[in-house]
Amino acid sequence: MIIAFIVLAVLALVFLFIYNARMSKKTAKKKDAPESVPNNPEAAEPAAHLEPVKAAEPLPATTGRVTSEPVRRPEPVPVTTRRPQAAEQQGDRAYRDALRQFAGGTPAKEEEPPAPKPDYSTDNAYREALRSMAKNKK
Numbered sequence: 055m056i057i058a059f060i061v062l063a064v065l066a067l068v069f070l071f072i073y074n075a076r077m078s079k080k081t082a083k084k085k086d087a088p089e090s091v092p093n094n095p096e097a098a099e100p101a102a103h104l105e106p107v108k109a110a111e112p113l114p115a116t117t118g119r120v121t122s123e124p125v126r127r128p129e130p131v132p133v134t135t136r137r138p139q140a141a142e143q144q145g146d147r148a149y150r151d152a153l154r155q156f157a158g159g160t161p162a163k164e165e166e167p168p169a170p171k172p173d174y175s176t177d178n179a180y181r182e183a184l185r186s187m188a189k190n191k192k
């Protein structure tokens with residue numbers, strides 16, 4: 055493990071030396087190379103053909119003391135919250151109920167008819183029929 059690290063460090067140093075040598079050769083070549091710009095008399099004096107810019111009016115001299123206005127901070131605006139209207143609340147409830155029904159969480163709140171009361175006459179007739187069958191078997 056240590057040997058591999060040493061070999062890697064030596065390779066990195068060799069790479070850096072080679073890179074540095076090549077870069078120094080390139081900069082030396084750039085310094086020694088003559089300029090490839092043709093001789094242009096206007097290039098020596100670039101502003102010879104331009105007129106100096108003059109201000110139309112001189113800036114007024116201020117007499118007296120310059121004062122700054124105090125910093126005005128805006129007053130905080132009170133935050134008002136609005137209450138949802140009854141129609142919005144009903145729509146929200148209906149939406150939530152529909153989501154619950156779609157997800158299968160709770161059934162819809164539909165009015166279900168109450169469970170029918172047992173018919174005692176039918177129940178008594180059934181019991182009598184059972185008693186008669188039990189007597190016939192004995």
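Every position in the sequence shown, counted from 1, becomes a number in my numbering once 54 is added.
Backbone N, C-alpha and C define an ideal beta-carbon position, used for all residues, glycine too.
Notebook entry, point to check: Roughly how many angstroms lie between the CA atoms of K171 and S186, to the nearest whole one?
Noted result: Cα atoms of K171 and S186: separation of roughly 26 Å, rounded to the nearest angstrom.
Notebook entry, point to check: So, helix, strand or coil for G145, using DSSP?
Noted result: Under the three-state reduction of DSSP, G145 is assigned to helix.
Notebook entry, point to check: Alpha carbon to alpha carbon, what distance is there between Q143 and R233?
Noted result: No answer is possible for residue 233: it lies beyond the span of the chain, which begins at 55 and ends at 192.
Checklist line | Rounded straight-line distance, which links the Cα of E123 to that of K85 | finding: Approximately 58 Å, taken between the alpha carbons.
Next item on the list: Look up Q155 in the DSSP assignment and say whether it is helix, strand or coil.
Entry: Three-state DSSP puts Q155 in a helix.
Next item on the list: Compare the C-alpha of S175 against each of P168, A183, A169 and name the closest.
Entry: Ranked by how close their Cα comes to the Cα of S175, the residues P168, A183, A169 have A183 in first place.
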